[in-house]
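**Student:** Below is the structure I would like to discuss, written out as C-alpha cells.
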Amino acid sequence: MTKTKKLNMELPKEGRFISSEFPILRENLCKIDQALADVEEKVDEKAPTKHMHSIGDVAELEAALDAKMAADKTFTFADLRDVEGAQDAANNYILYKSSNNNFTFGSAISLLGKHQHKTEDIVGLDDFRAKINEDLTAYYTKSEIDQLIALLTKKPIEILMKESGPIPFPEGVTDDTEVEIWAWGGGGGGGGDGGNNKNGGGGGGGGQHARVKIKVSDLKKSQTVQIGRGGSGGRSNGNWGGDTIIKGIICAGGGGYGGGNDNTPGGYVNAYGNRGNGGIGGLGGKGGGTWKNNQQDGPKNESFIFSGGDGGAGGGTNGNDHGGHGGNSIYGGGGGGGGGKKNSKGGYGGNNGGGNGGDYGANGGGGGGGYFRGKDGSKIGGDGGDGAILLKFFI
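Start counting the sequence shown at 0; every next residue gets the next number (numbering that gives the first Met the number 0).
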C-alpha cells in the first residue's frame, strides 16, 4: 500500500472497487482539512507582511548603538594601524605609499635619491637665457672676472738676488707690505781623489733652504744681504758652502765639504749656524741644515725637504767601488754624487742641483747644489752651486 510522504495518506489502488476507495478518500480529505486549519492558525499568530516597529521594540539595539563611535569622530595617523612609523616619524618627514598598500614616513631627499633634471625642469632658465641673448648684461666677461680675481689676490713682485749687497725695494711698497723671503745656502765643494787616482772623493752637501714672511718694516732693519757662495772643490777635502744671511731675519746654511780620498785628518766638525758638517776623507759632506757630531755615523744619503741633501760617499769607501748617489732635497740643494773608485762609476747628484761624481780615473766628488747646480767632479772635486735670495713683495 502506497502513502504520501507528508500527511501519510493512502493513495488509490488500481483494480480496487470504487466503493472501497470512498472511505479512504473521506479519511484523506479530513487530513487535508486539518492540515489547512493548522496552517491558518499559525499564520494568524504572525505579524502582517507590512508592519513597523519602534526602536524600543528591538532588543538591545540601543546598547549596541551606544557602543559605536560618533559619526563625526576624527583620527590622527598615529591611530591608524596600517601607517608604519607614524608615532616615531621625525618632524618634516613626509608620508608615502610603500608595498602592500601600506603607508610609511621618510625624508624627502631619501625618496628622491640620485636623479637628474632636464633643463626644462629649471624654473626661470629660459627667461635668463633670453636676457643674456637680449642685452648681454646677465654675465661677467673674462676681463671682468680677471679684474675681480686681481682685487682678491695679490701677485707678488719677485726680485732674485744672486750677489751680496743692499736690499732693493720696488716702488709701491709701504712698511705694512708683506714680503716673503726665500733663501738658499751655497753647496759644499766635492772632495778630490788626493792624487792617488784610486778611491773617489766624497760629494759636497747641498745648501739649506729657508723661508720667512715678514713686513717690509722688519726687512728695513737689516739693509744688506750676504749670498753664500758654493764651496770650491778640492784635490783633497772640498770647502764649505757659504751661508746666505739677512742678519737678524733669515739664515740658510751652506752645505758641508766632501772629504778627500787622501784620508786627511778631521771627521765631522760642529757646524755653526745651520751649516752642514764636513765629511771624513772619502765621505760626502752633510747637507746644510743638518746637525751631526758623531764620527762613527756616515752620511746616509737621505732626502730632505728644506735641508740640503747629503753628499754621496766616494768609491772605495765602505767597501763599494762605485760612488754613492747624492741625497735629494725638495727645496734645498741636492747633494753631490761621490766619485767612483778607479775605473768605477761615480754617483749621481741628488735632485735639485747636486753635481755628479767623477768616474773612470776622474774620481772627484760632485759639488752640492745651492740655488744653482753644483759642478760635476773631475780629478778634483766639483764646486758647489752658489746660493741666492728671492724676495716676494705682495703689493
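The C-beta atom is built at its ideal place from N, Cα and C for all residues, glycine as well.
For the region 112 to 157, which segments carrying the beta strand (DSSP E) assignment without a break, of at least 3 residues, lie completely within its bounds, in sequence order?
**Tutor:** DSSP runs (the beta strand (DSSP E)) wholly in the region 112 to 157: none.
**Student:** Indicate the three-state DSSP secondary structure (helix, strand or coil) for P22 in the structure shown.
**Tutor:** Against the sequence shown, residue 22 aligns to sequence position 23. Of the three classes helix, strand and coil, the one that applies to P22 here is helix, per DSSP.
**Student:** Which residue wins for smallest C-alpha separation from G326, given the options K341, D309, I93?
**Tutor:** Numbered from 1 along the sequence shown, position 327 holds the residue referred to as residue 326. Nearest of K341, D309, I93 to G326, Cα basis: D309.
**Student:** Tell me the DSSP secondary structure of V57 in three-state form.
**Tutor:** By one-based count along the sequence shown, residue 57 stands at place 58. The answer is coil: DSSP assigns V57 none of H, G, I, E or B.
**Student:** Just the C-alpha distance for T75 and A62, rounded to the nearest angstrom, thanks.
**Tutor:** As a first step, residue 75 must be located in the sequence shown, where it is residue number 76. As a first step, residue 62 must be located in the sequence shown, where it is residue number 63. Roughly 27 Å separates the two Cα atoms.
**Student:** Do G205 and G189 count as a contact pair if the criterion is CB distance below 7 Å?
**Tutor:** As a first step, residue 189 must be located in the sequence shown, where it is residue number 190. As a first step, residue 205 must be located in the sequence shown, where it is residue number 206. Going by C-beta atoms, G189 is not nearer than 7 Å to G205.
**Student:** Alpha carbon to alpha carbon, what distance is there between A107 and G349?
**Tutor:** In the sequence shown, residue 349 corresponds to position 350, counting from 1. In the sequence shown, residue 107 corresponds to position 108, counting from 1. Cα to Cα, G349 sits roughly 59 Å from A107.
**Student:** Can you tell me where the beta strand (DSSP E) with L94 in it begins and where it stops?
**Tutor:** As a position in the sequence shown, residue 94 is number 95, starting the count at 1. Its beta strand (DSSP E) spans residues 93 to 96.
**Student:** Between I245, G55, F102, E9, which lies nearest to Q225 when the distance is taken from Cα to Cα?
**Tutor:** Residue numbering aside, residue 225 sits at position 226 when the sequence shown is read from its first letter. Out of I245, G55, F102, E9, I245 has the C-alpha closest to the C-alpha of Q225.
**Student:** What span of residues does the alpha helix (DSSP H) with L6 cover, start to end?
**Tutor:** In the sequence shown, counting from the first residue as 1, residue 6 sits at position 7. L6 -> no alpha helix (DSSP H), and no H or E assigned at all.
**Student:** Thinking just about the alpha-carbon of each residue, which of L35, A361, G55 is nearest to the one in R234?
**Tutor:** Numbered from its first residue, the sequence shown carries residue 234 at position 235. That would be A361, whose Cα lies nearest to the Cα of R234.
**Student:** Rounded to whole angstroms, what is the Cα-Cα separation between G369 and W239?
**Tutor:** For the purposes of this step, residue 369 is taken as the residue at position 370 of the sequence shown. For the purposes of this step, residue 239 is taken as the residue at position 240 of the sequence shown. Approximately 12 Å between the Cα atoms of the pair.
**Student:** For Q207, which residues does DSSP report across the bridge?
**Tutor:** Taking the sequence shown and counting its residues from 1, one reaches residue 207 at position 208. None, per the DSSP bridge assignment.
**Student:** Could you check the C-alpha separation between V57 and N7 for me, to the nearest Å?
**Tutor:** For this step, residue 57 is matched to residue 58 along the sequence shown. For this step, residue 7 is matched to residue 8 along the sequence shown. Taking the straight line joining both Cα atoms gives about 41 Å.
**Student:** Checking the sheet assignment: what are the DSSP bridge partners for M160?
**Tutor:** Within the sequence shown, the letter at position 161 stands for residue 160. The partner list for M160 (beta bridge, DSSP) reads I388.
**Student:** Per DSSP, G105 forms a beta bridge with which residues?
**Tutor:** Taking the sequence shown and counting its residues from 1, one reaches residue 105 at position 106. I93, per the DSSP bridge assignment.
**Student:** If distances are taken between C-alpha atoms only, which option among G191, I248, S216, V211 comes closest to G237?
**Tutor:** Position 238 of the sequence shown holds residue 237. Among G191, I248, S216, V211, the Cα nearest to that of G237 is on G191.
**Student:** Going by CA-CA distance only, name the one from K340, N198, A34, E162 that's closest to T223.
**Tutor:** Position 224 of the sequence shown holds residue 223. Checked all of K340, N198, A34, E162; the closest Cα to T223 is E162.
**Student:** So G352 packs on G365, CB below 8 Å; how close in whole Å?
**Tutor:** Here residue 352 corresponds to residue number 353 of the sequence shown, with the count starting at 1. Here residue 365 corresponds to residue number 366 of the sequence shown, with the count starting at 1. Not a contact, Cβ separation roughly 10 Å.
**Student:** In whole angstroms, what is the alpha-carbon distance linking N198 and I158?
**Tutor:** Looking up residue 198 in the sequence shown gives position 199. Looking up residue 158 in the sequence shown gives position 159. Each residue's alpha carbon lies about 43 Å from the other.
**Student:** Quick one: measure Cβ to Cβ for G314 and H321, integer angstroms, because I've assumed they're closer than 8 Å.
**Tutor:** One-based indexing of the sequence shown puts residue 314 at position 315. One-based indexing of the sequence shown puts residue 321 at position 322. Right, their Cβ atoms sit about 5 Å apart.
**Student:** Taking only three categories from DSSP, how would you classify N342?
**Tutor:** Walking along the sequence shown from the start, residue 342 turns up at place 343. Three-state result, N342: coil.
**Student:** For A209, collect the residues of the same chain with a Cβ closer than 6 Å to its Cβ; drop the 5 residues on either side in sequence, then sort them by chain order.
**Tutor:** Taking the first residue of the sequence shown as position 1, residue 209 is located at position 210. Same-chain partners within the cutoff: A182, I249, A251.
**Student:** Would T173 be called buried (16 or more neighbouring beta carbons within 10 Å of its own) or exposed?
**Tutor:** Translated into the one-based positions of the sequence shown, residue 173 becomes position 174. By the neighbour-count rule (16 or more Cβ atoms within 10 Å), T173 is not buried but exposed.
**Student:** Let me check one thing: in DSSP terms, what residues is A182 bridge-paired to?
**Tutor:** The residue you call residue 182 lines up with position 183 of the sequence shown. For A182, which the question treats as bridged, DSSP gives the partners A209, I388.
**Student:** Would you tell me roughly how many angstroms separate the C-alpha atoms of F371 and R228, rounded to the nearest one?
**Tutor:** Here residue 371 corresponds to residue number 372 of the sequence shown, with the count starting at 1. Here residue 228 corresponds to residue number 229 of the sequence shown, with the count starting at 1. Cα to Cα, the separation comes out at about 10 Å.
**Student:** Would G186 and G381 be called neighbours here (beta carbons separated by less than 7 Å)?
**Tutor:** Here residue 186 corresponds to residue number 187 of the sequence shown, with the count starting at 1. Here residue 381 corresponds to residue number 382 of the sequence shown, with the count starting at 1. In this structure, G381 does not lie closer than 7 Å to G186 by Cβ.
**Student:** I'd like the list of long-range same chain contacts for L218, defined as Cβ closer than 6 Å, with 5 residues on each side in sequence excluded.
**Tutor:** If you number the sequence shown from 1, residue 218 lands on position 219. The residues are V178.
**Student:** Got a sec? Which residues, its chain only, sit under 7 Å from F392 by beta carbon, not counting five neighbours each side?
**Tutor:** On the sequence shown, residue 392 is found 393 positions in, with the first residue counted as 1. These residues qualify, in order along the chain: P155, I156, P169, V172, T176, V178.
**Student:** Which word fits G332, buried or exposed, when buried means at least 16 other C-beta atoms lie within 10 angstroms of its C-beta?
**Tutor:** Residue numbering aside, residue 332 sits at position 333 when the sequence shown is read from its first letter. Burial call: buried.
**Student:** Would a C-beta distance cut-off of 7 Å place G200 and G254 closer than the cut-off?
**Tutor:** If you number the sequence shown from 1, residue 200 lands on position 201. If you number the sequence shown from 1, residue 254 lands on position 255. No, Cβ-Cβ distance for G200 and G254 is not below 7 Å.
**Student:** What's the call for D65, buried or exposed, on a 16-neighbour Cβ count within 10 Å?
**Tutor:** Numbered from its first residue, the sequence shown carries residue 65 at position 66. Burial call: exposed.
**Student:** How would you write the range of the alpha helix (DSSP H) that D217 sits in, first residue to last?
**Tutor:** One-based indexing of the sequence shown puts residue 217 at position 218. From DSSP, the alpha helix (DSSP H) with D217 extends over 215 to 218.
**Student:** Taking the alpha carbon of D385 as the point to measure from, which residue in D242, G338, A34 has its own alpha carbon closest?
**Tutor:** As a first step, residue 385 must be located in the sequence shown, where it is residue number 386. Taking only the C-alpha atoms, the option nearest D385 is D242.
**Student:** Relative to the C-alpha of I23, which candidate in K141, P11, D32 has its C-alpha closest?
**Tutor:** Translated into positions along the sequence shown, residue 23 becomes position 24. When only C-alpha atoms are compared, the closest one is P11.
**Student:** Please classify Q146 as buried or exposed, where buried requires at least 16 other C-beta atoms within 10 Å of its C-beta.
**Tutor:** Taking the sequence shown and counting its residues from 1, the one referred to as residue 146 is at position 147. It is exposed - the Cβ of Q146 has fewer than 16 other Cβ atoms within 10 Å.
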